[in-house]
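2 protein chains.
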Amino acid sequence: MSNLKVKPIILAEQIQTSLTNLEPLTRKAFLSLIPPSLLDNRADVDQVRQALEANYGSVSVPLSLMSGIPGICRRASWQVTATLADTGNGWNLIELESGDTTKAQFGLAIDIGTTTVVVYLVDLCDGTVLNHAADYNDQITLGEDILNRIRHAAEPGGLARLQKAVVDTLNRLIRRLCPLPMETGKITAVAIGANTTMVHLLLGLNPASICRAPYTPVVNNPGLIPAGEIGLDIHPLAPVYCLPSIGSYLGGDVIGGILVSGMYKQPGVSLFVDIGTNGEIVMGNEEWLVACAGAAGPALEGGVTTYGMRAEPGAVDRVAIDPDTGKVKYTTIANMPARGICGSGLVDVLAELFLNGIIGRTARFQNGQEAFVVVPATEAASGEDIVVTQIDINNFMATKGATNAATDVLMESVGCAWQEMSHFYAAGAFGQYLPIESAVTIGLYPDLPRSAIVRLGNSSGEGARQVLLSRTKRLEAEAIAAKVTYFELNANPSFMEKFVSSKFLPHTDLDRYPSVKLRLQTRSLPVNAHAE
Amino acid sequence: MSNLKVKPIILAEQIQTSLTNLEPLTRKAFLSLIPPSLLDNRADVDQVRQALEANYGSVSVPLSLMSGIPGICRRASWQVTATLADTGNGWNLIELESGDTTKAQFGLAIDIGTTTVVVYLVDLCDGTVLNHAADYNDQITLGEDILNRIRHAAEPGGLARLQKAVVDTLNRLIRRLCPLPMETGKITAVAIGANTTMVHLLLGLNPASICRAPYTPVVNNPGLIPAGEIGLDIHPLAPVYCLPSIGSYLGGDVIGGILVSGMYKQPGVSLFVDIGTNGEIVMGNEEWLVACAGAAGPALEGGVTTYGMRAEPGAVDRVAIDPDTGKVKYTTIANMPARGICGSGLVDVLAELFLNGIIGRTARFQNGQEAFVVVPATEAASGEDIVVTQIDINNFMATKGATNAATDVLMESVGCAWQEMSHFYAAGAFGQYLPIESAVTIGLYPDLPRSAIVRLGNSSGEGARQVLLSRTKRLEAEAIAAKVTYFELNANPSFMEKFVSSKFLPHTDLDRYPSVKLRLQTRSLPVNAHAE
């Protein structure tokens, strides 16, 4: 597995929230205890509990810790630091250390994607991300997408293999962040953003019912689970919190996105879209939230286009076509010789093909050609032309069409018009790297004032960081999960109708894309698809 | 090990409390869940938690249970029974069963004595004791008394051996109560009354500091511990609650006694005495409680007198001497040929020797003899005379003297006179089998109106039963533990003085024993010790 390059959590300035009031999942308290004497010979464990009582109420002490407490207290001359884990209903003592270690408190915010896993090492004292590491999810070898993983889980030993694969991935990333085993034991809290299937596989829960009507997961909100029970190589009693799911097809990763966007607290209606292997769309405001989800196809992740590739060194990531000369200019990640085209590159190529009249509003090559050369063979790493074909474009159009259709169905269902939309939040890879203008041009992003288009970046990871650090955010995440109304697209006849008709660039209804219409007109390109 | 005969929990009528409001440590709730459909496809675990929310708040579900829940719900057609364990800060789901099993809820009330272990099987639905079993504590082979056990715990592997011994004893008794392993898994709650050392050894905690100044235990109130962590062969998640200790020498067994007596709720001052291998004395009322403790010697448990034995078949348990003929009448347990004398028999023998002028107020044989034949060789199982010797009497007098002296020190310390004493509570074997009149005659019990003398029986076991069944009682037990002021006898110079002077029958100050004085006078026996 390669060492994936993933940017740290990047948030648009508009929503860069600073958590002023840190209430992390685990906390530390320095205790200056009283050396026992005949006048005060309380039991050691009781004295520790009593010292914590004022701030933490009745603290539970696991039996596994009790026997070590007398020795630690005496060696530390009764100056000790307690680590306390939130149980949801009070606090558990999970560690007692010599001296004052309150400045060393670490947690992990984790984004487990079907494809990519990112682990952020977070300083629980100030909330900053100290370091991060990313890699492919080892489960890929057992099944490329969610359905194949669920299928694999049904095979003998399959569920255990899938669980081991993701735990191995996480432990490899944790070791990369903290090379010394002693240090990993100092990680005492974990929050995870992941889709429902990923959470089931991490916890070793059978995901079979997720893809079978009535699509009932085993659990949406697993609560707090000790890391040792999952097999994570950190403090075994560290609480692991998974952002709650709403159902089989709307996971904690989406809840994290809604949380990070802040749309659930705003009076204006916003649209939240995350398109990865699956696509999720959420719409709403401070009063209501509706959502839908479906398979999006990995068009944007580079999985299905002929020269598609992930955002790795050698991927063409930005493309422009000179309108006068027709010459293609491009950049590659890490400036390596081009090996393929990643999502942002594809979006640029399609927008530039469209704006230069090479493909029309029906997304078909106008001159009968079957492919467009982005990188000539002489410049490509493989010595072959890197092209975008009509089939690639058709695949992309299917993804875009499904997204547009789903959005339209949601908007219709709540009786909301595009004009009323106050913000558009783009999450995940879909919201981290895509060039905004090109994405609007081909109808992937709506044609809103650019200040209303917010790219959330890895909002699943950032949502995890926020609930790791804030009890208030955790309760808000659970309130969001309880509030979202899930909209079943398959049960909706107008979805297919809209999907079939969503085959134009940027949209069937060009009037929804005034800036694109203007640009087409400026370039004297046809605005009427039927004229093609 | 023999199959010890122990009576069920016997309470004097005065204090027979019926727990009208059962709030057991674990509870069951029958849930009629909704079969999932596309209209309501909540996750299975979430639906169970939501069904419990109204009565139990936010219930934690351990990961180990989650994977089984979908299957149980479906096989049970969504009619299931949840078992919930009190965590002190909310409820944990520990079991989910098919159908309505709310009528089958079982717990254990356990008295772990240094010598004897008693397990009561309790119906959590109505609080009744269904069955009980008793046996010697297997730890005896590793050390006869507490100090020897603490010494053994310091040897390599000693602590683990001691823990295994008591856990083995408990598991053997549990199997005797529930021969089928399937049935023991239905035991879902445990409460234990035991002294501080027994609790440490049960939990595998080092007891070394208990017998070293400043006598600081590892823990006085261990909270709720899953049975599986201790190794009990019952439901592994069953919460185990140990009655809290006050310190190294005042354990949960005594707290159980105070709880059962009700003295902590009464306006009048009461005295509570438990004399086993160790002796504990508590005095107080609804406003204050003082206590002291010390080694009592096993005089009353039959351990040190020449023909002393435990209350087993063949033990002489009641004795009378005909004042006219001098002939001894006695009974034995189970009417077996006499093998020795148990505590109640010894108390009778001493009282009868005293009331017949065979020993005087100084507890010495008046005619120069060295021993008194209780059972002649012809009637004894061994074919030898069963006798009580002057040395046996002296040993008993040391135990009695220590108890009297300790009581006097306590009374002096709080400025309380015998006349003010509203009740005398006798606990343990000391309060279950001893004949009241004989015990008063020799000064072991105070000479109060007989209605004020209450024998609590196994108040450690009954205290355990009460906290098993009642959250209110559990909080009261913890409030008692926080309230008792411990009085260090060794630090008190007047204790030794009083001990040395407490060498008379029934007491140095005969005026404290008006009924005994009257009886002596009736029989024309000397009331002035110095006249002997």
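Chains A and B, in that order, are what the protein sequence lines are.
Numbered continuously in our numbering, the first sequence closes out at residue 532.
Numbered continuously in our numbering, the second sequence closes out at residue 1064.
We put the CB at the ideal spot given by N, CA and C, even for glycine.
Fair warning: this is a prediction, and the values are worked out from it, not measured in the lab.
Where the alpha helix (DSSP H) containing residue i begins and where it ends
{"i": "Ile174(A)", "result": "Gly158 to Leu177"}
{"i": "Asp785(B)", "result": "Gly784 to Ser793"}
{"i": "Leu456(A)", "result": "Segment Ile453 to Gly457 is the beta strand (DSSP E) holding Leu456(A); no alpha helix (DSSP H) there."}
{"i": "Ile974(B)", "result": "That residue, Ile974(B), is in no alpha helix (DSSP H); it is neither H nor E in DSSP."}
Between the CA atoms of residue j and residue i - distance to the nearest angstrom
{"i": "Asn278(A)", "j": "Ile94(A)", "result": "38 Å"}
{"i": "Met714(B)", "j": "Val722(B)", "result": "17 Å"}
{"i": "Thr894(B)", "j": "Ala903(B)", "result": "16 Å"}
{"i": "Ile34(A)", "j": "Ser77(A)", "result": "9 Å"}
{"i": "Pro222(A)", "j": "Ile146(A)", "result": "20 Å"}
{"i": "Asp632(B)", "j": "Ala561(B)", "result": "8 Å"}
{"i": "Asp658(B)", "j": "Val999(B)", "result": "14 Å"}
{"i": "Gly256(A)", "j": "Gly461(A)", "result": "8 Å"}
{"i": "Leu702(B)", "j": "Leu735(B)", "result": "13 Å"}
{"i": "Thr973(B)", "j": "Leu887(B)", "result": "8 Å"}
{"i": "Tyr1045(B)", "j": "Leu980(B)", "result": "8 Å"}
{"i": "Thr863(B)", "j": "Val699(B)", "result": "36 Å"}
{"i": "Gly675(B)", "j": "Arg681(B)", "result": "5 Å"}
{"i": "Gly900(B)", "j": "Ile890(B)", "result": "10 Å"}
{"i": "Ala109(A)", "j": "Leu733(B)", "result": "41 Å"}
{"i": "Lys932(B)", "j": "His767(B)", "result": "44 Å"}
{"i": "Ser780(B)", "j": "Tyr588(B)", "result": "36 Å"}
Segment limits, beta strand (DSSP E) that includes residue i
{"i": "Ile393(A)", "result": "Segment Gln390 to Val414 is the alpha helix (DSSP H) holding Ile393(A); no beta strand (DSSP E) there."}
{"i": "Leu130(A)", "result": "Val129 to Tyr136"}
{"i": "Ala109(A)", "result": "Phe106 to Ile112"}
{"i": "Ile230(A)", "result": "Taken as a continuous stretch (DSSP letters only), Ile230(A) belongs to no beta strand (DSSP E), being part of the alpha helix (DSSP H) at Ala227 to Ile230."}
{"i": "Val649(B)", "result": "Thr648 to Asp655"}
{"i": "Val375(A)", "result": "Ala371 to Val375"}
For residue i: DSSP bridge partner residues
{"i": "Ser592(B)", "result": "Asn624(B)"}
{"i": "Thr863(B)", "result": "Arg850(B)"}
{"i": "Glu97(A)", "result": "Thr81(A)"}
{"i": "Leu803(B)", "result": "Met815(B) and Phe956(B)"}
{"i": "Lys28(A)", "result": "Thr83(A)"}
{"i": "Cys774(B)", "result": "Ile724(B)"}
{"i": "Phe1019(B)", "result": "In DSSP, Phe1019(B) forms no bridge with anything."}
{"i": "Val919(B)", "result": "Val905(B)"}
{"i": "Gly247(A)", "result": "Leu250(A)"}
{"i": "Phe365(A)", "result": "Ile359(A)"}
{"i": "Gly340(A)", "result": "Ala315(A)"}
Coarse secondary structure for residue i, derived from DSSP in three states
{"i": "Pro514(A)", "result": "helix"}
{"i": "Met598(B)", "result": "helix"}
{"i": "His767(B)", "result": "coil"}
{"i": "Glu1008(B)", "result": "helix"}
{"i": "Arg683(B)", "result": "helix"}
{"i": "Cys292(A)", "result": "strand"}
{"i": "Asn1024(B)", "result": "coil"}
{"i": "Thr197(A)", "result": "helix"}
{"i": "Arg519(A)", "result": "helix"}
{"i": "Leu224(A)", "result": "strand"}
{"i": "Val467(A)", "result": "helix"}
{"i": "Phe962(B)", "result": "helix"}
{"i": "Ala34(A)", "result": "For the record, residue 34(A) in the displayed sequence is Ile; it is not Ala. Correct three-state label for Ile34(A): coil."}
{"i": "Gly143(A)", "result": "coil"}
{"i": "Ala949(B)", "result": "coil"}
{"i": "Gly840(B)", "result": "strand"}
{"i": "Ala745(B)", "result": "coil"}
Open item on the list: By the 8 Å beta-carbon criterion, what residues does the stretch 201-213 of chain A contribute toward chain B?
Closed with: Leu203, Gly204, Leu205, Asn206, Ser209 and Ala213
- [ ] Identify each residue in the stretch 754-772 of chain B for which the Cβ-Cβ distance to at least one residue of chain A is less than 9 Å, and report them in chain order.
- [x] Hits within the stretch, in order: Pro754, Gly755, Leu756, Ile757, Pro758, Glu761 and Ile762.
Task: Short-range partners of chain A found in the stretch 836-853 of chain B, where Cβ spacing is below 7 Å - done: none
TODO: Below 8 Å between beta carbons is the criterion; list the residues of the stretch 603-619 of chain B that meet it against any residue of chain A, in chain order.
DONE: Thr619
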